[in-house]
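Down below is the structure, laid out as structure tokens.
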Amino acid sequence: MLTAGLIAGWGTEIALPKTARAQTQMTPDAALQAMMDGNKRFTQGQLTSFNDDLKLLKEKTTESQAPFASVLSCADSRVPVELVFDQTIGHLFVCRVAGNIATADLIASLEYGAAVLHSKAIMVLGHGNCGAVDATIKAQAVPGQISTLYRSIRPAVDQAGKDLVAATKANAKIQAGLLRTSSPVLADAIGKGQLKIVAAYYDVANGAVTMID
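Printed below as a string of structure tokens:
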């Protein structure tokens, strides 16, 4: 009922993906494990996603998509999400914004991923040397609207102090917590065992992702 209402609210132009796709049959734990297995291959230089037939993948995903997991990631160019988890076209629903913050627009996007596309897991991915967190710690004067990011990141800095790694991890945890508590759509999926939301940290030096929440 919740999904039906969500689709109706967005309009009939949104087409449901084919739920028979194997990716949507995964459990939340299996989805997270697939991501971590892919990251292990990435750190070992044993990527398999490039072995896929890209032409065939494009053909299969032209009309619909069925990503098995969603990622709320920083917009940092050093965090190529699909590559980090050794995934290819149609596997991950990726939302990116500086500081990987759970703003209303990002929450809405992740609700779409979970309720309409049937993504089984959401990972909030912080990363090493995050410029948004570092700028918040230093309260740097910045041009334009960049400082609006500080408001969302400040609670993590207040909690963790001026250590960049600690503040970045705290921020990922706080944003994951916001997703769990501020969205009835996501909370409903979690309650039904259809979704897990976790926080993780990506080390830009060695490529490893570590679950932190």
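Everything in the sequence shown is counted per my numbering, starting at 359 for the first residue and increasing by one. From the three backbone atoms N, C-alpha and C, an ideal C-beta is built for every residue, glycine too. Since the model is a prediction, treat every value here as computed from it, not as a measurement.
In this structure, Gly457 lies near Leu507, with their beta-carbon atoms less than 8 angstroms apart. Between the stretch 431 to 439 and the stretch 402 to 418 there are fewer than three inter-stretch CB-CB distances shorter than 8 angstroms, so the stretches are not counted as touching. Rounded to the nearest whole angstrom, the C-alpha separation of Ser510 and Met481 is 18 angstroms.
Only exposed fits Thr539, as fewer than 16 other CB atoms lie within 10 angstroms of its CB. Counting C-beta pairs with one atom in each stretch, the stretch 380 to 394 and the stretch 470 to 488 have three or more that are closer than 8 angstroms, which means they touch. DSSP, read as helix, strand or coil, puts Thr539 in helix. When the beta-carbon positions are compared, Ala472 and Leu415 stay at least 8 angstroms from each other. Between Cys488 and Tyr470, the alpha-carbon positions lie close to 27 angstroms from each other. The beta strand (DSSP E) runs of length 3 or more contained entirely in the stretch 432 to 506 are, from start to end of the chain, 450 to 454 and 479 to 485.
Pairing Asp571 with Val556 gives a Cβ-Cβ distance under 8 angstroms. If you check the CB distance, Pro425 and Phe451 come in under 8 angstroms. In its chain, beyond the 5 residues on either side, no residue has a beta carbon closer than 8 angstroms to the beta carbon of Asp516.
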